[in-house]
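Asker:
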Amino acid sequence: MHHGEIFYFTFGMIFSLGSYFKFRLLHVISLLSFFTMALHFVNRKNQLTTKIFFKIITPTELYISLSILMIEHVFMRKKCNSFYFMIEKIAVFICVAGLFISIYSIFYLNKYKSKEKEFISSGPYSFVRHPIYLGFFVFIIGCELYLSCYVSAFITLFFMFTKIRERIMDEENCLSVDESYKTYKKKVSSGFFI
């Protein structure tokens, strides 16, 4: 059995156990694991030296964020009502949309990436300058809403926005020497309020 098949089978089992025992945290952990492993396999397949995910958030920051999320989910249970179930359904859609946007953007980036360090302005990059970051941000917020962790969602909004903004500013400072990028930057939104 191939390593990738083992990982995907494991994530599927964790997700299934979460469904069977109605334990939402297992769903989110399996989705985060799937996201991380998808990035790992894309990086390995394309022999990339840079790791996109860990430029956004370090492993330590990820563990701290997950710990806060787990503590809030376990110790600050919310009452179930019709509003909660409506938020839950919206959150699932948000999670899947964020996951799809990020993974599709990563595959698109790696498919069309040139060796000359040119920026890509087609595909998902024609709508948003940073679809990977936007998708990841949307995915994390969706996970926290799914778990009814509203405090963590607000903390994450601030924390992730700050980290992603910092990363975007670094990237755009490097690319701003190119006149075509300046034109592209005027036409296409960053995906964030930057």
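Here the sequence shown is numbered in the working numbering, starting from 1276 and rising by one per residue. No residue lacks a Cβ here, since even glycine has one placed at the ideal position from N, Cα and C. Predicted model only: the values in this text are computed from it and were never measured.
(1) What is the residue span of the alpha helix (DSSP H) that Leu-1422 lies within?
(2) Using the Cβ count rule (16 or more neighbours within 10 Å means buried), how would you classify Glu-1441?
(3) Taking the beta carbon of Glu-1454 as the centre, do at least 16 other beta carbons fall within 10 Å, making it buried, or is it exposed?
(4) Identify which residue in Val-1367, Leu-1409, Lys-1461 has its Cα closest to the Cα of Ile-1378.
(5) Name the DSSP beta bridge partners of Ser-1464, please?
(6) Can you list, in chain order, the residues of its chain with a C-beta nearer than 6 angstroms to that of Ser-1396? Leave out the 5 residues immediately preceding and following it.
(7) Would Tyr-1421 and Ala-1366 be called neighbours here (beta carbons separated by less than 8 angstroms)?
(8) Skipping 5 residues on each side, what residues in its chain have a beta carbon closer than 7 angstroms to that of Ile-1369?
(9) Looking at C-alpha atoms only, which residue of Tyr-1359, Phe-1394, Ser-1423, Asn-1356 is the closest neighbour of Glu-1447?
(10) With DSSP run on the structure shown, which of helix, strand or coil describes Phe-1394?
(11) Apart from the five residues on each side of it in sequence, which residues of its chain come closer than 6 angstroms, Cβ to Cβ, to Arg-1404?
(12) Could you check the C-alpha separation between Ser-1451 and Ile-1362 for me, to the nearest Å?
(13) Mark Ser-1357 as exposed unless 16 or more other C-beta atoms lie within 10 angstroms of its C-beta, in which case mark it buried.
(14) For the alpha helix (DSSP H) containing Asn-1385, list its first residue and its last residue.
(15) Just the Cα atoms here: how many angstroms apart are Leu-1374 and Ser-1380?
(16) Output the distance between the C-alpha atoms of Leu-1384 and Lys-1461, rounded to the nearest integer angstrom.
(17) Just how far apart, CA to CA, sit Phe-1382 and Phe-1436?
(18) Would you say Pro-1399 and Ile-1430 are within 8 angstroms of each other, going by their C-beta atoms?
(19) Distance, Cα to Cα, Val-1371 vs Tyr-1387?
Answerer: Concretely, from the data shown:
(1) To locate residue 1422, count along the sequence shown from 1; it is residue 147. DSSP places Leu-1422 outside any alpha helix (DSSP H), giving it a letter other than H or E.
(2) If you number the sequence shown from 1, residue 1441 lands on position 166. Exposed, by the Cβ-count rule.
(3) To locate residue 1454, count along the sequence shown from 1; it is residue 179. So Glu-1454 counts as exposed.
(4) In the sequence shown, counting from the first residue as 1, residue 1378 sits at position 103. Comparing Cα positions, the closest option is Leu-1409.
(5) Walking along the sequence shown from the start, residue 1464 turns up at place 189. According to DSSP, which records beta bridges pairwise, Ser-1464 is partnered with Val-1403.
(6) Position 121 of the sequence shown, counted from the start, is the residue given in the question as residue 1396. Cβ within range, chain order: Tyr-1459.
(7) Residue numbering aside, residue 1421 sits at position 146 when the sequence shown is read from its first letter. Residue numbering aside, residue 1366 sits at position 91 when the sequence shown is read from its first letter. Between Tyr-1421 and Ala-1366, the CB-CB gap stays under 8 angstroms.
(8) Counting from 1 along the sequence shown, the entry for residue 1369 is found at position 94. Only residues of its own chain outside the window of five on either side were considered, and among them Val-1413, Ile-1416, Gly-1417, Leu-1420 have a CB closer than 7 angstroms to the CB of Ile-1369, listed in chain order.
(9) Taking the sequence shown and counting its residues from 1, the one referred to as residue 1447 is at position 172. Ranking the options by Cα distance to Glu-1447, first place goes to Phe-1394.
(10) As a working mapping, residue 1394 is identified with position 119 in the sequence shown. In this structure, Phe-1394 counts as coil in the three-state DSSP scheme.
(11) As a working note, residue 1404 is residue 129 in the sequence shown. Contacts found: Val-1463, Ser-1465.
(12) For the purposes of this step, residue 1451 is identified with residue 176 of the sequence shown, where counting begins at 1. For the purposes of this step, residue 1362 is identified with residue 87 of the sequence shown, where counting begins at 1. So the alpha carbons of these two residues sit roughly 40 angstroms apart.
(13) Numbered from its first residue, the sequence shown carries residue 1357 at position 82. With fewer than 16 Cβ atoms within 10 Å of its Cβ, Ser-1357 is classed as exposed.
(14) Sequence index remark: in the sequence shown, residue 1385 carries index 110 (1-based). Run containing Asn-1385: 1357 to 1387, per the alpha helix (DSSP H) assignment.
(15) For the purposes of this step, residue 1374 is identified with residue 99 of the sequence shown, where counting begins at 1. For the purposes of this step, residue 1380 is identified with residue 105 of the sequence shown, where counting begins at 1. Taking the straight line from one Cα to the other gives about 10 angstroms.
(16) Your numbering for residue 1384 matches position 109 in the sequence shown. Your numbering for residue 1461 matches position 186 in the sequence shown. For Leu-1384 and Lys-1461, the distance between alpha carbons rounds to 21 angstroms.
(17) Translated into positions along the sequence shown, residue 1382 becomes position 107. Translated into positions along the sequence shown, residue 1436 becomes position 161. The straight-line gap from Cα to Cα measures roughly 23 angstroms.
(18) Here the question's residue 1399 lines up with position 124 in the sequence shown. Here the question's residue 1430 lines up with position 155 in the sequence shown. Cβ atoms of Pro-1399 and Ile-1430: not closer than 8 angstroms.
(19) Counted from its first residue, the sequence shown places residue 1371 at position 96. Counted from its first residue, the sequence shown places residue 1387 at position 112. Approximately 24 angstroms, taken between the alpha carbons.
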